[in-house]
Each structure stands twice: as C-alpha cells, then as structure tokens.
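Per my numbering, residue 2 is the first one in the sequence shown, and the count goes up by one each step. Cβ coordinates follow ideal geometry from the N, Cα and C atoms, glycine included. Comments concern the structure below.
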Amino acid sequence: LFRWYSSLAVHVLFEMHNVDSFWKPYLATLPTDVVTIITMNASDITRILQGTITQGQVLLLKKDVDAHLESTFRILIQEFSDLFHPEVHTFQDWLWANSIVTSRSLRVPNTVLGANGGEFSHILVPLVD
2 LFRWYSSLAV HVLFEMHNVD SFWKPYLATL PTDVVTIITM NASDITRILQ
52 GTITQGQVLL LKKDVDAHLE STFRILIQEF SDLFHPEVHT FQDWLWANSI
102 VTSRSLRVPN TVLGANGGEF SHILVPLVD
C-alpha cells in the first residue's frame with residue numbers, strides 16, 4: 002500500500018505538529034511551497050507540457066499519485082486517529098510532507114545506515130538538501 006516515500010512522509014507529517022519534536026527546527030527551515038507533481042493541478046501540467054510526448058504519461062502519473070495520497074491519508078486519519086487528527090493534520094500538510102520527501106530525500110544504501118533488509122532507504126538530512 003505504501004510507496005517508497007510514504008513512510009518517511011508519515012514521520013514528517015507527525016513531527017511537523019509535534020511541539021517537542023527534535024526535528025522541529027529542521028522542518029521549520031524547509032520551504033512552505035514546493036512545486037512537484039503532487040502539488041500541481043492537471044490544468045497546470047497540461048499547460049506546461051501541452052504538445053509534448055510526456056503530457057499523457059505525466060497526467061496518468063498525477064492521477065495515480067493523487068489516488069494514492071488520498072487513500073493513504075484516509076487510512077492515517079481513520080486507523081491511526083490517536084496520532085493523526087484531521088483538525089491538526091490536514092490533507093494539505095500531507096501533500097507538503099510528501100512533496101518534501103520526494104523532492105529532498107536522499108537514497109542511501111542500508112549498509113551505510115547499519116540496517117538489515119532491503120537495499121536502500123530514503124532519508125532527510127539537515128544541511129545536505
């Protein structure tokens with residue numbers, strides 16, 4: 002159900018509203034507006050890519066990503082309501098968290114992180130991004 006960026010985005014979403022978060026100062030330095038396929042609407046994508054061979058593929062990807070983000074957010078709010086409250090953790094926050102992760106995370110071999118299982122992890126590193 003989750004994609005490579007989802008689990009890190011869940012942590013970002015949680016930490017952004019945690020007043021005692023160790024990560025709060027770092028998260029405060031991140032841009033509030035991030036332009037990715039996640040934050041763009043279909044008409045903007047069409048306007049930018051009109052007449053290109055990638056327009057159709059990007060619009061299909063956008064539709065798929067939107068459906069994924071909506072379903073995972075619904076699961077977070079419904080099944081983890083003790084941690085995620087819709088009046089605090091908004092869908093816009095969820096879009097922002099996913100945009101931050103997909104645009105700023107680093108793909109690092111798990112052996113570098115000392116982790117077992119899987120080949121790679123995506124991490125956010127203050128001052129590196």
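- Query: So, do the segment 95–110 and the segment 10–19 have three or more beta carbon pairs nearer to each other than 8 Å?
  - Reply: Segment contact: the segment 95–110 against the segment 10–19, three or more CB-CB distances shorter than 8 Å; contact assigned.
- Message: Alpha carbons only, please: which of I101, H123, Q58 is nearest the one belonging to P32?
- Response: In the sequence shown, the residue the question calls residue 32 occupies position 31. Closest by alpha carbon: I101.
- With a 10 Å radius around its C-beta and 16 neighbouring C-beta atoms as the bar for buried, classify H90 as buried or exposed. In the sequence shown, counting from the first residue as 1, residue 90 sits at position 89. Buried, because 16 or more other Cβ atoms sit within 10 Å of the Cβ of H90.
- Whole-angstrom distance between L107 and Y6, CA atom to CA atom: Counting from 1 along the sequence shown, the entry for residue 6 is found at position 5. Counting from 1 along the sequence shown, the entry for residue 107 is found at position 106. Those two C-alpha atoms are separated by around 11 Å.
- Message: List, from N- to C-terminal side, the beta strand (DSSP E) runs of 3 residues or more that fit wholly inside the segment 55–130.
- Response: Fully enclosed beta strand (DSSP E) runs of no fewer than 3 residues occupy 107–110, 121–124 of the segment 55–130, in order along the chain.
- Closest by CA to M41, which one among V126, I78, D67, D83? Your numbering for residue 41 matches position 40 in the sequence shown. Nearest of V126, I78, D67, D83 to M41, Cα basis: D67.
- For T30, name the three-state secondary structure that DSSP assigns. Your numbering for residue 30 matches position 29 in the sequence shown. Here DSSP, grouped into helix, strand and coil, assigns T30 to helix.
- Classification of L77 by the beta-carbon crowding that lies within 10 angstroms, buried from 16 upward: One-based indexing of the sequence shown puts residue 77 at position 76. A residue is called buried once 16 or more other Cβ atoms fall within 10 Å of its Cβ, and L77 is buried on that count.
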